[in-house]
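Q:
Numbering (the numbering used here), first residue to last: 970 to 1276.
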């Protein structure tokens, strides 16, 4: 009996000290059909429990002979407590104080609690970070790791709530334009719309950054900067939304390194702005945007209501 207790404690210790990449989802069944000019591979994130969302998105984009690889999303609602507690930010006394966080204690069967972060060695996420949001971050990171390991230079990552506004094949030309304007090595992400949208369809811009207790940006003013680099393209310091983004190899590396070094703490669209040297651009006229008021399982597993 004692032997099994000791073995269980050792196993739990190993889980809680695993690297975040140990929880990335592996991809092994790709083909060469998921690409267009200037984009090496196209991914679309979709929960297995939401095939209808993938189908709606595919029906919009397939007429342009664009066929994204369906990435089976990490379902955060099915993550074990041990896994969740292995990938958050472990608080230490030197970190910035006064920031609210959410934690999922091992002894409370999945319940979450909120408090000002203050307990040394407690595993925290940002305030009100849901299990669904954790799964979304892991899905994006899994894709970035797969793309980086595959040697891709440029990828297009979509979520399954897109809205096609105009011919997406123009993105190949916009990549050429951005390369010529700033240089191939001087941009990391190109978003395919100008800003995310609220439920009413109106743009929701972002001009600041989300606080982390363990990271302090070198230039806090950069997040509010926005300026056009051409009639078609704009530089932005920050924005919301990760439903349609073209990511260069440099962007994959910067985001992966940042979260591996500083831990998973924020929703993905608040994480990708954080690396000090990351350079973000958007189109000025929307190409592929988000579907306002789309079904979402971010805050709760609403897919269970279908059963």
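Built from N, CA and C at the ideal position, the CB exists for glycine as well.
Where does residue 1185 land, buried or exposed, given buried means 16+ other C-beta within 10 angstroms?
A: Taking the first residue of the chain shown as 1, we reach residue 1185 at position 216. Under this definition residue 1185 is an exposed residue.
Q: How many Å lie between residue 1243 and residue 1178 at the Cα?
A: As a first step, residue 1243 is located in the chain shown; it is residue number 274 there, counting from the start. As a first step, residue 1178 is located in the chain shown; it is residue number 209 there, counting from the start. Roughly 7 Å between the two C-alpha positions.
Q: Residue 1081 and residue 1096 - do their beta-carbons sit closer together than 8 Å?
A: What you label residue 1096 is simply residue 127 of the chain shown in a count that begins at 1. What you label residue 1081 is simply residue 112 of the chain shown in a count that begins at 1. No.
Q: I'd like the list of long-range same chain contacts for residue 994, defined as Cβ closer than 6 Å, with 5 residues on each side in sequence excluded.
A: Start at 1 with the first residue of the chain shown, and residue 994 comes out as number 25. Only 1043, 1111 meet the Cβ criterion.
Q: State whether the segment 1182-1201 contacts the segment 1261-1273, with contact taken as three or more CB pairs (one from each stretch) at a distance under 8 Å.
A: With the cut-off at 8 Å, the segment 1182-1201 and the segment 1261-1273 do not touch.
Q: Let's test the definition: count the other Cβ atoms within 10 Å of the Cβ of residue 1232 and tell me whether it reaches 16, buried, or not, exposed.
A: Counting from 1 along the chain shown, the entry for residue 1232 is found at position 263. Result: buried.
Q: In whole angstroms, give me the CA-to-CA distance for residue 1143 and residue 1089.
A: Within the chain shown, numbered from 1, the residue matching residue 1143 stands at position 174. Within the chain shown, numbered from 1, the residue matching residue 1089 stands at position 120. Whole-angstrom Cα-Cα distance: 48 Å.
Q: Under 8 Å: do the segment 1049-1064 and the segment 1023-1040 share three or more Cβ pairs, one atom per stretch?
A: As far as the Cβ criterion goes, the segment 1049-1064 does not touch the segment 1023-1040, which means the pair count is below three.
Q: Determine the closest residue to residue 1160 out of 1253, 990, 1014, with distance taken between C-alpha atoms.
A: For the purposes of this step, residue 1160 is identified with residue 191 of the chain shown, where counting begins at 1. With distances taken between Cα atoms, residue 1160 lies closest to 1253.
Q: So, is residue 992 buried or exposed, given that buried needs 16 or more other C-beta atoms within 10 angstroms?
A: The residue you call residue 992 lines up with position 23 of the chain shown. By the neighbour-count rule (16 or more Cβ atoms within 10 Å), residue 992 is buried.
Q: Helix or strand or just coil, what does DSSP make of residue 990?
A: Counted from its first residue, the chain shown places residue 990 at position 21. DSSP places residue 990 in helix when its eight states are reduced to three.
Q: Does the distance from the CB of residue 1198 to the CB of residue 1150 come in under 8 Å?
A: Here residue 1198 refers to the residue found at position 229 of the chain shown. Here residue 1150 refers to the residue found at position 181 of the chain shown. Result yes, Cβ atoms of residue 1198 and residue 1150 sit closer than 8 Å.
Q: Could you give the DSSP three-state label for residue 1134: helix, strand or coil?
A: On the chain shown, position 165 is the one that residue 1134 refers to. Note: residue 1134 maps to coil in three-state DSSP.
Q: Quick check on residue 1096: does DSSP put it in helix, strand or coil?
A: One-based indexing of the chain shown puts residue 1096 at position 127. Correct three-state label for residue 1096: coil.
Q: Here's a check: name, in chain order, each residue in its chain whose Cβ is nearer than 7 Å to the Cβ of residue 1207, leaving out the five neighbours to either side.
A: Translated into the one-based positions of the chain shown, residue 1207 becomes position 238. Counting only Cβ-Cβ distances below 7 Å, and skipping sequence neighbours, we find 1175, 1176, 1177, 1178, 1192, 1242.
Q: Between which residues of its own chain and residue 1022 is the CB-CB distance below 8 Å, once the five residues before and five after are set aside?
A: Taking the first residue of the chain shown as position 1, residue 1022 is located at position 53. Excluding residues within five positions, the ones whose Cβ falls inside 8 Å are 1015, 1016, 1129, 1130, 1263, 1264.
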